[in-house]
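Colleague:
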Amino acid sequence: ASLVALSQAMPKTELHLHIEGTFEPEQMFAIAQRNQVALKYDTVDALKEAYQFTNLQDFLDLYYQGMSVLLHEADFYDLTMAYLEKVHSENVVHVEIFFDPQGHTERGIPFEVQITGIRRALEDAKQRWGMTYQLIMSFLRHLSEDSAFQTLEEAKPFLNWIDGVGLDSSEVGHPPEKFANVFAACRDLGLKITAHAGEEGPPEYVWQALDLIKVQRIDHGNRALEDDDLVAEIAKQQLTLTVCPLSNLKLCVVNDMTEHPIRTMLKLGLKATVNSDDPAYFGGYMNDNYQALIERTQISKQELYQLACNGIEGSWMSPTDKQKHL
Ligand code: ADE
Ligand code: ZN
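What follows is the structure, given as structure tokens:
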């Protein structure tokens with residue numbers, strides 16, 4: 005079989021996925037209409053044409069605009085279910101989904117509305133297909149640590165629905181150290197910890213994610229490769245990197261897919277995985293990310309298999325679920 009067919013057939017995990025980044029323009033217009041809110045673009049095509057980014061912030065500006073049409077529990081359900089149906093068709097058997105509570109509470113949408121809708125879709129997918137999941141709330145790093153603490157308070161009634169905490173949004177200028185205290189509080193509550201680091205930010209931010217946030221994995225991590233001691237430390241701690249090839253291309257973290265460092269990561273002994281990040285904005289879901297690597301790099305069958313295995317091993321699923329999927 006071709007490598008593309010093989011990658012499509014492999015059972016896969018998705019460990020780096022922002023649910024608000026799965027908002028397809030067609031669905032965005034449909035929900036905007038039913039909620040009677042206006043979008044800044046007149047048509048689906050006009051919106052899609054705006055999806056040309058030169059950096060992370062270009063994308064984030066549109067991402068926050070897009071999610072602002074989500075008002076009701078049913079909106080969060082429909083968004084999540086559309087994503088789950090899509091990746092179920094791609095043989096994704098386990099998902100770990102980020103949501104950005106502050107992207108919604110800042111607009112007056114209660115935490116409960118968000119999490120209830122997202123979780124109901126995840127539970128339905130589990131019932132229907134045996135798909136397993138973890139739910140991760142992410143703090144927006146362009147906001148204050150106080151705002152993150154406030155969000156943690158709002159999350160407390162739902163802690164048995166929340167598996168972990170992440171850190172996302174504008175990286176440069178917002179180092180992990182800004183959030184050291186709130187992540188300490190999260191760890192005390194028994195939450196698992198991850199953080200975006202080294203997407204645009206320097207190796208120093210990745211060190212801080214390790215030393216101050218005490219992450220159990222790293223989202224992206226590309227720029228860690230600039231620091232040999234850091235690479236050695238990540239390998240020693242066996243930390244999984246949730247790498248996002250098409251995202252890196254769209255946000256100009258890499259200039260061309262042929263230069264993507266994911267194979268270098270594997271050769272250095274790092275536990276890299278393949279993920280889609282914000283597939284509605286970056287031009288592809290899980291299988292598209294594998295296909296881009298296959299078509300644009302010299303990736304081997306063995307490496308593809310390693311990436312998928314790293315996804316199972318690096319996931320936060322329970323040992324019983326791991327048995328089930330292996
Ligand atoms: N929020 C959604 N996608 C993100 C990314 N790739 N980096 C930082 N914040 C994000
Ligand atoms: Zn991300």
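Position in the sequence shown counted from 1, then plus 4, gives you the UniProt record's numbering.
All C-beta atoms in this analysis are idealised placements derived from N, C-alpha and C, irrespective of residue type, glycine included.
#1: Just the Cα atoms here: how many angstroms apart are residue 164 and residue 18?
#2: Compute every distance between the C-beta of residue 281 and the non-hydrogen atoms of the ligand ZN, then say whether any falls below 7 Å.
#3: Straight-line CA distance for residue 274 to residue 36?
#4: Below 8 Å on the Cβ atoms is my contact criterion, and I expect residue 277 with residue 311 to pass it. Report the Cβ-Cβ distance as a whole number of Å.
#5: What separation, rounded to the nearest whole angstrom, lies between the Cα atoms of residue 193 and residue 47?
#6: Go ahead and label residue 223 buried or exposed: buried means 16 or more other beta carbons lie within 10 angstroms of its beta carbon, across all protein chains shown.
#7: Less than 8 Å between the beta carbons of residue 136 and residue 321, yes or no?
#8: Decide if the region 287–294 is in contact with the region 255–267; the criterion is three or more beta carbon pairs, one per stretch, under 8 Å apart.
#9: For residue 196, does the three-state DSSP call read helix, strand or coil?
#10: So which of 92, 180, 214 has the shortest CA-CA distance to residue 233?
#11: Looking at residue 209 and the ligand ADE, is the gap between the Cβ and the nearest heavy atom below 7 Å?
#12: Taking Cβ positions, are residue 298 and residue 72 nearer each other than 8 Å?
#13: Given that a residue counts as buried once 16 or more other Cβ atoms are within 10 Å of its Cβ, and exposed if not, what is residue 145?
#14: Does the separation of the CB atoms of residue 198 and residue 170 fall below 8 Å?
#15: Could you check if residue 104 belongs to the surroundings of the ligand ZN, using beta carbon to heavy atom distance under 7 Å?
#16: Who are residue 102's beta bridge partners in DSSP?
#17: Here's a check: name, in chain order, each residue in its chain whose Cβ is nearer than 7 Å to the Cβ of residue 190, leaving out the five neighbours to either side.
#18: Counting Cβ pairs, one atom from each stretch, are 3 or more of them under 8 Å apart for the region 101–112 and the region 53–65?
#19: If you follow the beta strand (DSSP E) that residue 177 is part of, which residue opens it and which one closes it?
#20: Would you mind reading off the limits of the beta strand (DSSP E) that contains residue 276?
#21: Could you spell out where the beta strand (DSSP E) holding residue 247 opens and where it closes?
#22: Report the three-state DSSP secondary structure of residue 169 (helix, strand or coil).
#23: Which of the three DSSP states, helix, strand or coil, is assigned to residue 222?
#24: When you compare each of 183, 179, 217 to residue 205 by their alpha carbons, which one comes out closest?
#25: Return yes when at least one heavy atom of the ligand ZN lies under 7 Å from the C-beta of residue 172, else no.
#26: Flag this pair as yes or no: are the beta carbons of residue 301 and residue 329 separated by less than 8 Å?
#27: Consult DSSP for residue 281 and reduce its assignment to one of helix, strand or coil.
#28: Among all the DSSP beta bridges, which residues are the ones paired with residue 16?
#29: Does the distance between the C-beta of residue 62 and the nearest non-hydrogen atom of the ligand ZN fall short of 7 Å?
#30: Over the uninterrupted alpha helix (DSSP H) stretch that includes residue 313, give me the two end residues.
Modeller: To lay it out plainly:
#1: The straight-line gap separating the alpha-carbon atoms of residue 164 and residue 18 is approximately 21 Å.
#2: Because some heavy atom of the ligand ZN lies under 7 Å away, the Cβ of residue 281 counts as near it: yes.
#3: Here the C-alpha atom of residue 274 lies approximately 42 Å from the C-alpha atom of residue 36.
#4: Rounded, the Cβ-Cβ distance is 6 Å, consistent with contact.
#5: Residue 47 has its alpha-carbon roughly 45 Å from the corresponding atom of residue 193.
#6: Its Cβ being crowded by 16 or more others within 10 Å, residue 223 is buried.
#7: Yes; because the gap between Cβ atoms is below 8 Å, this pair is in contact.
#8: Taking a contact to require three or more Cβ pairs closer than 8 Å, the region 287–294 and the region 255–267 do not qualify as touching.
#9: In the structure shown, residue 196 falls within a strand segment according to DSSP collapsed to helix, strand and coil.
#10: Residue 214 is the option with its Cα nearest to residue 233.
#11: Distance from the C-beta of residue 209 to the nearest heavy atom of the ligand ADE is not below 7 Å.
#12: No. Outside cutoff.
#13: When all chains shown are included, residue 145 counts as buried.
#14: Going by beta carbons, residue 198 and residue 170 fall inside the 8 Å limit.
#15: Result no, Cβ not under 7 Å from the ligand ZN.
#16: Residue 102 pairs with 22, 140.
#17: The residues are 156, 169, 197.
#18: By the C-beta criterion, the region 101–112 is judged not to be in contact with the region 53–65, since fewer than 3 inter-stretch pairs fall below 8 Å.
#19: Annotation for residue 177: no beta strand (DSSP E) segment contains it, and DSSP assigns it neither H nor E.
#20: Residue 276: member of the beta strand (DSSP E) spanning 275–278, first to last residue.
#21: 244–247 is the extent of the beta strand (DSSP E) around residue 247.
#22: Looking at residue 169 - three-state DSSP - the assignment turns out to be strand.
#23: Looking at residue 222 - three-state DSSP - the assignment turns out to be strand.
#24: For the options 183, 179, 217, the alpha carbon positioned closest to that of residue 205 is the one of 179.
#25: Because some heavy atom of the ligand ZN lies under 7 Å away, the Cβ of residue 172 counts as near it: yes.
#26: Pairing residue 301 with residue 329 gives a Cβ-Cβ distance that is not under 8 Å.
#27: Strand, per DSSP.
#28: Within the DSSP secondary-structure output, residue 16 pairs in a beta bridge with 96.
#29: Relative to the ligand ZN, the beta carbon of residue 62 is positioned no closer than 7 Å to any heavy atom.
#30: Where residue 313 is concerned, the enclosing alpha helix (DSSP H) starts and stops at 305–318.
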